[in-house]
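Below is one structure; the comments refer to it alone.
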Amino acid sequence: MAFNPFVMNSMDELVEWRWTENEDSASPSQRSFDSSKHKALERILPNGHSVISSNRRSSSDSKSVGSRKDEPAIDEVAIRAIVSILSGYIGRYLKEETFRESIKRKCYSCLERRNNEDLDDGIFANMELGIESTEILVENPGSKSALMMKSLRNSIGLLSIVSGSTCGTQNSHFSACAQLYLSIVYKLDKNDKVSSSHLLQVSCDSPFIARMHLLPELWEHFFLLHLLHIKIWYNKEHEFLLNSEYFDKEKKMKDLSKAL
Numbered sequence: 001m002a003f004n005p006f007v008m009n010s011m012d013e014l015v016e017w018r019w020t021e022n023e024d025s026a027s028p029s030q031r032s033f034d035s036s037k038h039k040a041l042e043r044i045l046p047n048g049h050s051v052i053s054s055n056r057r058s059s060s061d062s063k064s065v066g067s068r069k070d071e072p073a074i075d076e077v078a079i080r081a082i083v084s085i086l087s088g089y090i091g092r093y094l095k096e097e098t099f100r101e102s103i104k105r106k107c108y109s110c111l112e113r114r115n116n117e118d119l120d121d122g123i124f125a126n127m128e129l130g131i132e133s134t135e136i137l138v139e140n141p142g143s144k145s146a147l148m149m150k151s152l153r154n155s156i157g158l159l160s161i162v163s164g165s166t167c168g169t170q171n172s173h174f175s176a177c178a179q180l181y182l183s184i185v186y187k188l189d190k191n192d193k194v195s196s197s198h199l200l201q202v203s204c205d206s207p208f209i210a211r212m213h214l215l216p217e218l219w220e221h222f223f224l225l226h227l228l229h230i231k232i233w234y235n236k237e238h239e240f241l242l243n244s245e246y247f248d249k250e251k252k253m254k255d256l257s258k259a260l
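In terms of UniProt numbering, the sequence shown opens at residue 1 and continues consecutively.
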């Protein structure tokens, strides 16, 4: 399923993107993520200027504009910035033990919700093995190269089986967890672009689980900014229904809740 996380009006809008939380109340891990995000943008867009901003200069500055002909297209710059931000986020798994434990705990909590009638034990076993093998790889970074590569491929194979078997089913939360760990494995393999795509796929496979349980921080600081109009609409509709006298108000409220 193709995924388009958001559409930016300009790179200036991307550069001006900021955390919504007060910096003084942010946790050390949040500040770390924030810092790496801005460093990534600074590397890609030096001095805070975007390609679009450069192209808006007057004709008297055409020589300066011409010197930028060799720069990547605007969509390439945006993609690189997004990849840097997402890979920086999932990179915390490799550095922070508390983050690793949090991800594992959340995933196992999701796995307990499985529908036993539609999911065989083999899928559950593959998911467990995929998580365990990923943890071993992270905890033993000095392993021999050939052995590490074999373990990486095994992890990718196990997690891909889980994702392929549960995506689009009642057990899509299994697929979301598998995609999350695939993101980690590809980060270990230093393939940031593929790692980022798997991280985004978590929200495709199980949007509610990703937003409310697995990746609430990423949702709030990466997605919500571009979906505020939906939240505003939802709040208005919710308030209207609360004050209405519809005989099927509860059903309408339940249907509305599915929008989120």
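Cβ atoms here follow ideal geometry from the backbone N, Cα and C, with glycine treated the same way.
Provide the residue span of the alpha helix (DSSP H) that contains E139, from first to last. D121 to E139
Comparing C-alpha positions only, which one of V138, M127 and Y89 sits nearest to F222? Y89
Top-ranked residue by Cα proximity to L180, from R211, L152, I103 and L227: I103
Does the count of Cβ pairs from the segment 194 to 207 and the segment 165 to 185 closer than 8 Å reach three? yes
Do you know whose CA, among L256, H229, K231 and I230, lies nearest L242's CA? L256
Kindly provide the ranges of any alpha helix (DSSP H) runs that are 4 or more residues long and lie completely inside the segment 186 to 257, ordered along the chain. 192 to 205, 228 to 242 and 249 to 257
When you compare the segment 209 to 217 with the segment 74 to 88, are there three or more beta-carbon pairs, one atom per stretch, that lie closer than 8 Å? no
Kindly list the residues whose CB is nearer than 6 Å to the CB of C107, restricted to its own chain and excluding five residues on each side of it in sequence; keep chain order. C177
Reduced DSSP secondary structure (H/G/I, E/B, other) of C110: helix
Looking only at its chain, what residues have a beta carbon closer than 6 Å to the beta carbon of residue 263, apart from the 5 residues adjacent to it on each side? It is not possible to answer for residue 263, since the shown part of the chain is limited to 1 through 260.
CA-to-CA distance, S145 to K231, given in whole angstroms: 48 Å
Among I156, H226, E139 and D120, whose alpha-carbon lies nearest the alpha-carbon of K95? E139
So, for T134: in the same chain, excluding its five sequence neighbours on each side, which residues have a beta-carbon less than 7 Å away from its beta-carbon? S155, Y181, I184 and V185
Rounded to the nearest angstrom, how far is the Cβ of L152 from that of L129, given a contact under 8 Å? Not really, about 14 Å apart at Cβ, beyond 8 Å.
Three-way DSSP call (helix, strand, coil) for Q179 in this model: helix
Where do the N-terminal and C-terminal ends of the alpha helix (DSSP H) with N154 fall, by residue? S145 to T166
Tell me which same chain residues have a C-beta within less than 7 Å of the C-beta of K249, skipping the five on either side of it? L241
Tell me whether the beta-carbon of L158 lies closer than 8 Å to the beta-carbon of N126. yes
For L137, is the classification buried or exposed, using 16 other Cβ atoms within 10 angstroms of its Cβ as the cut-off for buried? buried
Is T98 helix, strand or coil by DSSP? helix
Let's test the definition: count the other Cβ atoms within 10 Å of the Cβ of H229 and tell me whether it reaches 16, buried, or not, exposed. exposed
Mapping DSSP to helix, strand and coil, what is G91? coil
Roughly how many whole angstroms lie between the Cα atoms of F208 and V77? 30 Å
Expressed to the nearest angstrom, what Euclidean distance is found between the alpha-carbon atoms of L225 and E132? 35 Å
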